[in-house]
Amino acid sequence: MTTKGNGSATPPTLLIACGALAAEAKQVLEQDGLRHIKLTCLPAHLHNTPDKIPALLRQKIRANQAEYSKILVLYGDCGTAGGIDDVLEEEGAERIAGAHCYEFYAGSETFKKMSDTEPGTFYLTDFLVRHFDRLIWKGLGMDRHPELRPLYFGNYKNLVYLAQNPSTMLVEQAKEAAARLELEFVNHQTGLLGLEMFFDETVIREQVNAD
961 MTTKGNGSAT PPTLLIACGA LAAEAKQVLE QDGLRHIKLT CLPAHLHNTP DKIPALLRQK
1021 IRANQAEYSK ILVLYGDCGT AGGIDDVLEE EGAERIAGAH CYEFYAGSET FKKMSDTEPG
1081 TFYLTDFLVR HFDRLIWKGL GMDRHPELRP LYFGNYKNLV YLAQNPSTML VEQAKEAAAR
1141 LELEFVNHQT GLLGLEMFFD ETVIREQVNA D
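The sequence shown begins at 961 in this note's numbering and counts up by one.
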């Protein structure tokens, strides 16, 4: 548990994250001043069934409310049509700003510009590049039924790789994914600034409230 300038202990905070963001969240939380934030995750495969997220998120919040003074949520709306926000309002938790992880990784202004420039864009993060076969190619059944590809992706033009911690291997895997989906490849490095800003703002608010 970390301490503030006045020597008092910072109350423990729980971060409930999408499993697809676990590695990046853990990387940011290892920084000084954030050690009091404990990480737990919901399964990453919910990416393909967003209607299940709100109920599971509510269960996770209620199971931990007594132990933590604050609960943060590392989800956007993520295709739940406001379902996540309804749960957070009812349970007294807060989430990172943005409709989905693509927006808070890229930044709202940058993401809007990319979306406006080419609406027909499919986005991948580091996690989705690593697990493209399992979550997207096989997850959507294209390994068994390749004729589904144009049904899912026929209206897309670009595949944008939003890279948090890019490597030569990940870039090549992202290029391969674009080729398999018959989309033009675009590489855009985001880093972890969006997550860092979210946690920094949270710590600042906690310190102001404590003072």
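Cβ coordinates follow ideal geometry from the N, Cα and C atoms, glycine included.
Item	Value
In whole angstroms, what is the alpha-carbon distance linking residue 1026 and residue 1014?	20 Å
DSSP three-state label for residue 1062, please.	helix
Would you mind giving the Cβ-Cβ distance between residue 1033 and residue 1048, rounded to the nearest angstrom? I have them listed as a contact below 8 Å.	6 Å
Can you tell me the Cα-Cα spacing of residue 1074 and residue 1084, whole angstroms?	14 Å
Leaving out five residues before and five after residue 1082 in sequence, what residues of the same chain have Cβ atoms less than 8 Å from its Cβ?	1113, 1116, 1118, 1119, 1120, 1141 and 1143
Excluding the five sequence neighbours on either side, which residues of its own chain have a C-beta within less than 6 Å of the C-beta of residue 1092, listed in chain order?	1137
Please identify the residue among 1066, 1004, 974 and 992 whose C-alpha is closest to the C-alpha of residue 1024.	974
Suppose contacts are defined by Cβ-Cβ distances below 8 Å. Is residue 989 in contact with residue 997 by that definition?	yes
Is the number of C-beta pairs between the segment 1151-1160 and the segment 1127-1136 that are closer than 8 Å three or more?	no
Using the rule of at least 16 other Cβ atoms within 10 Å of the residue's Cβ for burial, across every protein chain shown, is residue 1007 buried or exposed?	buried
Given a cut-off of 8 Å on the beta-carbon distance, is the pair residue 1086 and residue 1125 in contact?	yes
The alpha helix (DSSP H) with residue 1082 in it runs from where to where?	Premise fails: residue 1082 lies in the beta strand (DSSP E), 1081-1084, not in any alpha helix (DSSP H).
Could you check if residue 1072 is buried or exposed, using at least 16 other CB atoms within 10 Å of its CB as the buried criterion?	exposed
What are the boundary residues of the beta strand (DSSP E) that includes residue 1030?	1030-1034
Distance check for residue 1151 and residue 1056, CA to CA, integer angstroms please.	16 Å
Among 1067, 1004 and 1021, whose alpha-carbon lies nearest the alpha-carbon of residue 1123?	1067
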